[in-house]
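> The structure's right below; bear with me while I get my questions together.
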Amino acid sequence: MFLEVFAILLALGLLMFFAYRGFPVIVFAPIFTLLAVVISGKALLPSYTEVYMTNAASYIKTYFPVFLLGAIFGKAMELSGAASSIARAIVNSLGSKRAMLAVVLACAVLTYGGVSLFVVAFAVYPFAAAIFREGNIPKRLIPGTIALGAFTFTMDALPGTPQIQNIIPTAYFGTDAYAAPVVGIIGGALIFAAGLYWLERRRKQAELAGEGYGDNHKNEPEAAEEANDPKLWLAVLPLALVLVLNFLLSRGAWTVTTWYDEELLKSFNIASVKSVSSIWALIIALTVGVIAALCINVRQVKGKLAAGLTAGATGALLAIFNTASEVGFGNVVKTLPGFQAIQNGIHSMNGAPLLSEAVSVNLLAGITGSASGGLSIALEVMSKTYLDAANAMGISPELLHRIASMASGGMDTLPHNGAVITLLAITGLTHRQSYKDIFAITIIKTVVVFALAAVLTVIV
């Protein structure tokens, strides 16, 4: 069994190393996946075509419209001058030194409003680039700033967040999205404060060293002329439309779940509209947002639309294929005997249910490179054990929900994580340039989760 476990750890280590060094994950994810398969003594070609490619293709089928429209929406906000208009308004009101706070809050509002993490990265990047350029803050700090706002406290800590990492535990613990609100708010506040402190410290270090935004960056949004920018209320309108429509169509009065008859959907092999309603809602919201962003400043967009759409589509393709490669890797790893051994070893640990749960979810999220994947695997196997132990100790299922949810967003953001690779691709930066700050945010998040689990174990 040692060899099978070694195969997974070797593949994982090599993938992280090559991703950090800037090698294309699209190429090396399947190579290292199949290396683990061979060492484990499993069937090579069936693992590649029937597990790796099937799961990668399924991910692309489900999420490509969201990636494509998200990328085009971000490009439309840039071309119309909406992103730079919002950036200038924030700089004028908060000051150029508060650029990081502004970006974090913008990401937080969108993710807490239900917008996909990937869409937030596409949508906020042009605005973040403009505001960092205005403040002469190094561009390499943008990924860490977006990660703090989109991938941490609003993803799984704050009660009520509609992100999938906060929804998965409800099926296992009989809770709702608002489980353990006080713990979630305290955890979210700690992550926000510590993460912002780290980023501001890095900004001040760069300022003392005389480092500014920099030149000759890849995938750099054009700097717009202030005179050509739309008015602030018009600039904010596309973002507001995406946020409001996504809410209304996914869980509000206009929900898409009422649009189609279940029998009709079965003819399309859709078991239930609920399984696709969030994607459909986001597709409609983003389409309206793109149209609005292009219409608010037609003269500015005219002549640039073809090139902008091409750039957006190209960025979406790169992002989704990178992420799908990671999905394929994680799904093959789950089928290997070494993964079962790792899983059994984690779950055999004795101890308090909150701490044991935090360790299990965190490690499995790191191995699979997916917060939702690691969370689902851990709870599928061990949720009943955790629940029984918690009931025996008088621990509320709501605490199990909140700790599990927050733990999923810890070590999932290792270098091979699809969201990390996508974020770096969107911003045109590399692991060498920007991963240090993403990793620091990851460590902060992980420390907060384990600190909360330890404190709750003692006082509950």
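For the sequence shown, our numbering begins at 112 and goes up steadily by one.
Glycine included, each C-beta is placed from N, C-alpha and C at the ideal position.
Which same chain residues end up closer than 7 Å to A167 when comparing Cβ atoms and leaving out the 5 residues on each side of it in sequence?
In the sequence shown, the residue the question calls residue 167 occupies position 56. Hits under 7 Å: A435, S436, V438, G439.
> Can you tell me whether Y223 is buried or exposed, with buried defined as 16 or more other CB within 10 angstroms of its CB?
What you label residue 223 is simply residue 112 of the sequence shown in a count that begins at 1. Counting Cβ neighbours within 10 Å, Y223 comes out buried, since at least 16 surround it.
> Give the straight-line distance between the Cα atoms of K186 and T366, rounded to the nearest whole angstrom.
Indexing the sequence shown from 1 puts residue 186 at position 75. Indexing the sequence shown from 1 puts residue 366 at position 255. C-alpha separation (whole angstroms): 28 Å.
> For the stretch 148-166 against the stretch 315-326, are there 3 or more C-beta pairs whose distance is under 8 Å?
Contact fails: fewer than three Cβ-Cβ distances are below 8 Å.
> Can you name, in chain order, every residue of its own chain whose Cβ lies under 6 Å from the Cβ of A234, other than the five neighbours on each side?
The residue given as residue 234 occupies position 123 in the sequence shown. Here the set comprises F184, G185.
> Would you call the stretch 511-528 and the stretch 548-555 touching, i.e. three or more CB-CB distances under 8 Å?
Yes, since at least three Cβ pairs between the stretch 511-528 and the stretch 548-555 fall closer than 8 Å, the two stretches touch.
> Taking all protein chains shown into account, do 16 or more other C-beta atoms lie within 10 angstroms of the C-beta of A396, making it buried, or fewer, making it exposed?
If you number the sequence shown from 1, residue 396 lands on position 285. So A396 counts as buried.
> For the alpha helix (DSSP H) containing P141, list its first residue and its last residue.
Position 30 of the sequence shown, counted from the first residue, corresponds to residue 141. It spans 136-150 - the alpha helix (DSSP H) in which P141 sits, taken as one unbroken run.
> With a threshold of 8 Å, are at least 3 pairs of Cβ atoms found where one atom belongs to the stretch 496-506 and the other to the stretch 440-455?
At 8 Å Cβ cutoff, the stretches do not touch.
> Do you know how far the Cα of N433 is from the Cα of I532?
Along the sequence shown, read from residue 1 onward, the residue named residue 532 stands at position 421. Along the sequence shown, read from residue 1 onward, the residue named residue 433 stands at position 322. Cα-Cα distance, rounded: 7 Å.
> According to the Cβ coordinates, are G423 and A182 closer than 7 Å?
Mapped onto the sequence shown, residue 423 falls at position 312. Mapped onto the sequence shown, residue 182 falls at position 71. Their beta carbons are under 7 Å apart, which means G423 touches A182 by this criterion.
> Suppose you measure from the CA of V220 to the CA of L123; what does that come to, to the nearest Å?
Taking the sequence shown and counting its residues from 1, the one referred to as residue 220 is at position 109. Taking the sequence shown and counting its residues from 1, the one referred to as residue 123 is at position 12. Taking the straight line from one Cα to the other gives about 34 Å.
> Contact check, V387 vs L180 under 8 Å by CB: the rounded distance?
Residue numbering aside, residue 387 sits at position 276 when the sequence shown is read from its first letter. Residue numbering aside, residue 180 sits at position 69 when the sequence shown is read from its first letter. The Cβ separation is near 15 Å, so there is no contact.
> Whole angstroms are fine: how far does the CA of I150 sit from the CA of L216?
In the sequence shown, counting from the first residue as 1, residue 216 sits at position 105. In the sequence shown, counting from the first residue as 1, residue 150 sits at position 39. So the two alpha carbons sit approximately 46 Å from each other.
> So the alpha helix (DSSP H) V294 belongs to, where does it begin and stop?
Here residue 294 refers to the residue found at position 183 of the sequence shown. Where V294 is concerned, the enclosing alpha helix (DSSP H) stretches over 292-319.
> If we call anything under 7 Å between Cβ atoms a contact, is A268 one with G295?
Position 157 of the sequence shown, counted from the first residue, corresponds to residue 268. Position 184 of the sequence shown, counted from the first residue, corresponds to residue 295. Yes, they are a contact pair.
> If you draw a straight line from the alpha carbon of P349 to that of P341, how long is it in whole angstroms?
Locating residue 349 in the sequence shown gives position 238, counting from the first residue. Locating residue 341 in the sequence shown gives position 230, counting from the first residue. The straight-line gap from Cα to Cα measures roughly 12 Å.
> K342 by DSSP, collapsed to three states: which one?
For the purposes of this step, residue 342 is identified with residue 231 of the sequence shown, where counting begins at 1. Coil.
> Can we say the stretch 461-470 touches the stretch 129-145, given the rule of at least three CB pairs closer than 8 Å?
The stretch 461-470 vs the stretch 129-145: no contact.
> Taking only the alpha-carbon atoms, compute the straight-line gap between N247 and L307 and give it to the nearest angstrom.
Taking the sequence shown and counting its residues from 1, one reaches residue 247 at position 136. Taking the sequence shown and counting its residues from 1, one reaches residue 307 at position 196. Each residue's alpha carbon lies about 18 Å from the other.
> Taking Cβ to Cβ, would you say H542 is nearer than 7 Å to Y131?
Here residue 542 refers to the residue found at position 431 when the sequence shown is read from its first residue. Here residue 131 refers to the residue found at position 20 when the sequence shown is read from its first residue. Closer than 7 Å, so yes.
> Which complete beta strand (DSSP E) runs does the stretch 194-255 hold, if anything under 3 residues is left out?
Whole beta strand (DSSP E) segments, 3+ residues: zero.
> Can you tell me the Cα-Cα spacing of N203 and A240, whole angstroms?
Numbered from its first residue, the sequence shown carries residue 203 at position 92. Numbered from its first residue, the sequence shown carries residue 240 at position 129. Straight-line Cα distance between these residues: approximately 16 Å.
> Where does I394 fall in DSSP's three states?
Locating residue 394 in the sequence shown gives position 283, counting from the first residue. Helix, per DSSP.
> Could you work out which residue in F284, E374, V492, I537 is closest to L510 when comparing CA atoms only?
The sequence position of residue 510 within the sequence shown is 399, counting from 1. Closest option to L510, Cα to Cα, is F284.
> I'd like to know whether the C-beta atoms of L301 and V560 end up nearer to each other than 7 Å.
The residue labelled residue 301 in the question sits at position 190 within the sequence shown. The residue labelled residue 560 in the question sits at position 449 within the sequence shown. For L301 and V560, no; Cβs fall outside 7 Å.
> I'd like the list of long-range same chain contacts for A489, defined as Cβ closer than 6 Å, with 5 residues on each side in sequence excluded.
For the purposes of this step, residue 489 is taken as residue 378 along the sequence shown, with counting starting at 1. Cβ within range, chain order: S471, V472, L475.
> At which residues does the alpha helix (DSSP H) containing K172 begin and terminate?
As a first step, residue 172 is located in the sequence shown; it is residue number 61 there, counting from the start. 164-190 is the extent of the alpha helix (DSSP H) around K172.
> Which residue comes first and which comes last in the alpha helix (DSSP H) that contains I278?
Along the sequence shown, read from residue 1 onward, the residue named residue 278 stands at position 167. Unbroken alpha helix (DSSP H) run through I278: 275-278.
> Whole angstroms are fine: how far does the CA of I394 sit from the CA of T369?
For this step, residue 369 is matched to residue 258 along the sequence shown. For this step, residue 394 is matched to residue 283 along the sequence shown. Their Cα atoms are separated by approximately 16 Å.
> Could you tell me which of G325, I457, I570, A282 sits nearest to S516, measuring between CA atoms?
As a first step, residue 516 must be located in the sequence shown, where it is residue number 405. For the residues G325, I457, I570, A282, the minimum Cα distance to S516 belongs to A282.
> Compare the beta carbon distance of F238 and A198 with 7 Å and say whether it is the shorter of the two.
Here the question's residue 238 lines up with position 127 in the sequence shown. Here the question's residue 198 lines up with position 87 in the sequence shown. Yes, these two residues count as a Cβ contact at 7 Å.
> Just to confirm the assignment: which complete alpha helix (DSSP H) runs, minimum length 4, are found wholly within the stretch 519-554?
Fully enclosed alpha helix (DSSP H) runs of 4 or longer: 529-538.
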